[in-house]
Every structure is written in structure tokens, then in C-alpha cells.
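This report refers to the structure that appears directly beneath it.
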Amino acid sequence: MRSSLRRVVEANIYRVLCGLAWLPNRLLARLRREVVFERSVLHISYLVHVPFYTTRILRRQGIRADYLAVGSGDPRVWQRCDFHIPYVANPFVRFGREWFGFWRIVAKYRVIHAHFGIMLSESGWELPLLQRMGRRIVVHYRGCDIRHQEANFRVAPLFNICADCDYDAACRQPSFGRRRDLSRRFGDCFLVTTPDLKDFIPEAHHLPLFIPDLPARRRSQSRQTARSNGRVKIVHVTVHPQIEGTARIRATIDRLRAKGFAIDFEFLSKVPHAQVIDTMAEADLTIGKMKMGYYANAQIESMALGVPAVTYVRPEFMTPALAESGFIFSDLERLEETLEYYLTHPDALDAKKQAARASIRRLHDNTALARTLIEHYEFERHAPTA
Numbered sequence: 059m060r061s062s063l064r065r066v067v068e069a070n071i072y073r074v075l076c077g078l079a080w081l082p083n084r085l086l087a088r089l090r091r092e093v094v095f096e097r098s099v100l101h102i103s104y105l106v107h108v109p110f111y112t113t114r115i116l117r118r119q120g121i122r123a124d125y126l127a128v129g130s131g132d133p134r135v136w137q138r139c140d141f142h143i144p145y146v147a148n149p150f151v152r153f154g155r156e157w158f159g160f161w162r163i164v165a166k167y168r169v170i171h172a173h174f175g176i177m178l179s180e181s182g183w184e185l186p187l188l189q190r191m192g193r194r195i196v197v198h199y200r201g202c203d204i205r206h207q208e209a210n211f212r213v214a215p216l217f218n219i220c221a222d223c224d225y226d227a228a229c230r231q232p233s234f235g236r237r238r239d240l241s242r243r244f245g246d247c248f249l250v251t252t253p254d255l256k257d258f259i260p261e262a263h264h265l266p267l268f269i270p271d272l273p274a275r276r277r278s279q280s281r282q283t284a285r286s287n288g289r290v291k292i293v294h295v296t297v298h299p300q301i302e303g304t305a306r307i308r309a310t311i312d313r314l315r316a317k318g319f320a321i322d323f324e325f326l327s328k329v330p331h332a333q334v335i336d337t338m339a340e341a342d343l344t345i346g347k348m349k350m351g352y353y354a355n356a357q358i359e360s361m362a363l364g365v366p367a368v369t370y371v372r373p374e375f376m377t378p379a380l381a382e383s384g385f386i387f388s389d390l391e392r393l394e395e396t397l398e399y400y401l402t403h404p405d406a407l408d409a410k411k412q413a414a415r416a417s418i419r420r421l422h423d424n425t426a427l428a429r430t431l432i433e434h435y436e437f438e439r440h441a442p443t444a
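Heads up: the sequence shown runs through residues 59 to 444, numbered per this note's numbering.
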């Protein structure tokens with residue numbers, strides 16, 4: 059009871075502080091609207107590797123691109139960013155950090171690129187100020203931040219990522235709802251990482267994911283020896299095992315082992331990104347995104363390392379380029395059959411390995427994707443207005 063009352067008091071203090079700052083913020087917005095870095099974009103997200111790599115790719119195109127991480131996150135998994143404003147419960151400290159962070163960092167960028175719909179503050183007090191200062195807000199949805207469970211079951215009633223959700227039905231939580239409402243109200247441009255998300259926001263632009271800079275790697279001597287002895291290493295990476303169908307993937311591997319196949323299976327969850335990359339680089343196959351309807355970051359990273367990724371893509375999203383790539387397409391019902399084929403046809407698996415790295419670079423050309431993203435920023439058209 060005491061902790062609940064404390065949260066209510068803290069929330070009310072925070073709202074009062076936002077109200078007290080309204081007039082000085084309006085005055086500062088008028089005085090500082092021309093204080094802006096030209097051709098600049100600030101990416102805002104929680105601590106994760108995707109916006110970090112994205113800003114580095116944009117920098118190679120001559121854009122001033124930085125990454126602000128908000129919230130505590132898990133520094134064991136990822137901790138690299140240009141600016142970081144951790145979350146604190148104390149309303150005075152929280153608002154103070156947000157206020158100084160806004161005027162010292164956020165307000166100086168021409169474009170604000172919000173990943174997962176995350177902004178500087180949870181309340182969105184800064185969004186009207188950005189609007190008044192003529193800043194462009196790009197909202198980049200990446201999954202359950204825009205997905206709706208009920209709508210997903212209407213689209214795919216028998217086979218979808220929302221079945222057996224272990225994400226606490228985040229799409230129906232009030233905090234997610236507030237975030238969606240704010241982003242839809244103040245966003246100037248909406249992006250989605252995979253085409254299945256257009257089911258929930260049809261007006262969004264599909265911007266395929268970037269490939270992080272991953273150099274080609276040689277297999278360790280132990281993996282070369284294991285491969286020569288007929289052992290195959292399969293890696294599965296996910297933060298949410300039930301969303302991914304991990305139990306069914308494990309069961310499939312167990313049945314194949316019972317048939318006599320020598321499989322080294324490694325499951326990774328909530329571990330440092332560098333560990334994920336190192337483990338996948340040693341694999342013969344990776345498995346992931348078997349329920350969502352399209353592949354995502356881990357599958358792209360696997361392919362970039364020259365390791366074929368087993369994944370599921372809805373038929374309407376299949377293209378000749380995908381069909382001819384190093385991807386191996388299947389679903390949970392056919393996974394055992396698919397894996398058994400490649401385990402008994404090593405030449406076919408080797409062909410997929412040979413195709414993986416080059417095909418993913420054709421499908422996800424970082425330079426072309428960066429130029430498309432820069433077009434969405436509309437640097438030339440979007441300027442502060444009176």
C-alpha cells in the first residue's frame with residue numbers, strides 16, 4: 059500500500075513540475091528554435107545495438123547522427139551510445155535530467171528518430187516543443203510496440219507471434235498505449251522494420267533492417283574438427299522463448315537427435331550482443347523468427363556471418379530474391395522435415411552457406427537503405443517555422 063501511494067505521489071509531483079516548466083519551455087522554444095545542427099538526426103531508444111549501428115551507417119553518408127539511450131536497460135547486453143539518460147523514480151531528479159537533456163541535447167537536432175516509439179520522456183511533455191520548433195519526428199516501430207494481439211489473430215488465426223505470448227501482453231499495457239497515442243499524435247513520418255507490421259499501421263513505410271558491420275570469420279579448430287566428425291551446430295537466439303516457439307524448436311532437435319543425428323544445439327537469451335555474434339559465427343545453422351511472418355536482426359546477422367538462417371516468411375512477402383538467397387524457409391510444422399533434409403544433404407547446406415553472405419548484402423544494401431532513410435528525414439524541406 060505504501061509503495062503504491064508513493065508512486066501516486068511521485069507521479070503527481072512529476073506532473074506539477076511539467077506544468078511549472080510550461081511557460082519557460084515555451085519561451086526557450088521561441089528563443090532557441092534556430093539553434094540546430096544542420097542535416098542532423100538524434101536516434102532515441104532504450105539500450106540496444108540497432109540504433110547504435112544505424113547512426114554509424116548514417117555518419118558515413120555525411121549525416122550528423124547520434125544515439126540517445128533512455129531508461130536503465132541491461133548494460134550487460136549492450137551499453138554503447140552517445141548519450142544516456144537513465145530512468146530514476148525520484149520525480150525531481152527525473153524531470154531535471156529530462157529537462158537538461160532536452161535543451162542540451164534533443165532540441166539541437168533537426169530530426170528526432172524514435173525507435174519503438176520511445177521518446178525522451180514517458181509523458182511526452184517535450185513533443186509539443188519539438189513541434190513548435192519545427193523539428194521532424196520520425197517514429198520507427200519495431201514489433202510489439204505497434205502490434206495488436208486481437209488484430210494479429212484476425213490476420214493469422216492459427217499461426218502468429220502472439221500465440222503463447224510471454225511478453226506480458228505488452229501491446230495491451232497502458233504504457234504502450236500511451237506511447238502509441240503520443241507517437242501517432244506528434245509523429246511526422248512512420249517506419250516499420252518488417253512488412254508484417256503494416257497490418258497494424260498501413261500508412262507506414264517499410265524500411266528493411268541494416269546489416270551491422272560484421273567481418274568474415276574463420277571457424278575455430280574445434281568447430282572444424284566437429285564438422286569433419288559429422289557434428290552440426292545449430293544456434294537459436296531470442297529474448298522471448300514463447301513468442302519464438304523455442305519449446306517446439308527444442309523438441310524438434312530432440313527428435314532429430316533420437317534419430318541419430320549429431321547436433322550441438324545452443325540456445326542464447328539475454329546475453330551480450332558480442333557473445334551472440336561469436337556463437338553464431340561458429341554455427342552451421344541458426345533458427346529464429348519462426349512465428350512472426352518475417353525475419354529480423356538475428357537472422358540478418360547470421361547470414362552476414364555466412365551462416366544460413368532457418369526462418370519463416372509469410373507467402374505474400376516471399377520474393378524471387380528471397381527464394382534464391384541463403385535463407386532456409388520453413389515453419390514450426392515443417393521444421394523437422396526441413397532440418398533433416400539439410401542434415402542428410404550436406405552439399406545443399408554448403409550451397410546455402412556459400413550464398414548466405416552475398417545474398418543478404420544484396421537484400422539489405424546499407425548504402426541504399428541509408429539514402430532511403432535520409433529521404434524520409436526531408437532535411438531540405440523541413441525547417442523551423444514561425
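All C-beta atoms, glycine included, are put in the ideal place defined by N, C-alpha and C.
- The region 101-145 is shown to contain whole alpha helix (DSSP H) runs of 4 or more residues at 107-117, in chain order.
- A Cβ-Cβ separation of about 7 angstroms places M177 in contact with E184 under the 8 angstroms criterion.
- Residue state for F387 is assigned as strand, using DSSP reduced to three classes.
- The continuous beta strand (DSSP E) containing R194 extends over residues 194-199.
- When DSSP states are grouped into helix, strand and coil, K291 belongs to the strand group.
- Here D239 carries a helix assignment [DSSP, helix/strand/coil].
- The C-beta of R420 has fewer than 16 other C-beta atoms within 10 Å across all chains shown, which makes the residue exposed.
- A distance below 9 angstroms separates the beta carbons of T369 and I386.
- In the assembly as shown, W80 is an exposed residue. Its beta-carbon has fewer than 16 other beta-carbons within 10 Å.
- It is roughly 52 angstroms from the alpha-carbon of R73 to the alpha-carbon of A379.
- Around the beta carbon of G129, fewer than 16 other beta carbons lie within 10 angstroms, which makes this residue exposed.
- Separation of F153 and R194 (C-alpha to C-alpha, rounded to the nearest whole angstrom) is 23 angstroms.
- Non-local beta-carbon contacts of R138 in its own chain, meaning distances under 6 angstroms to residues more than five positions away in sequence, involve F110 in chain order.
- Distance from T113 to Y125 at the Cβ level is roughly 5 angstroms; contact confirmed, criterion being Cβ atoms closer than 8 angstroms.
- Restricting attention to E395, N148, R243, G346, the CA atom closest to the CA of K317 is found in E395.
- Here R97 has G120, I121, R122, R168, F437 as same chain residues with Cβ atoms under 8 angstroms from its own Cβ, once five neighbours each way along the sequence are excluded.
- V368 carries a strand assignment under DSSP once its states are collapsed to helix, strand and coil.
- Separation of the CB atoms of H171 and L100 is rounded to 7 angstroms, and the pair is thereby assigned contact status at 8 angstroms.
- Contact annotation, F268 with N83: C-beta distance approximately 34 angstroms; criterion of less than 8 angstroms not satisfied.
- Apart from the 5 residues on each side of it in sequence, G288 sits with its Cβ closer than 6 angstroms to the Cβ of A320 in its chain, given in chain order.
- According to the DSSP secondary-structure assignment, H263 is paired through a beta bridge with L249.
- A Cβ-Cβ contact shorter than 9 angstroms links R238 with G175.
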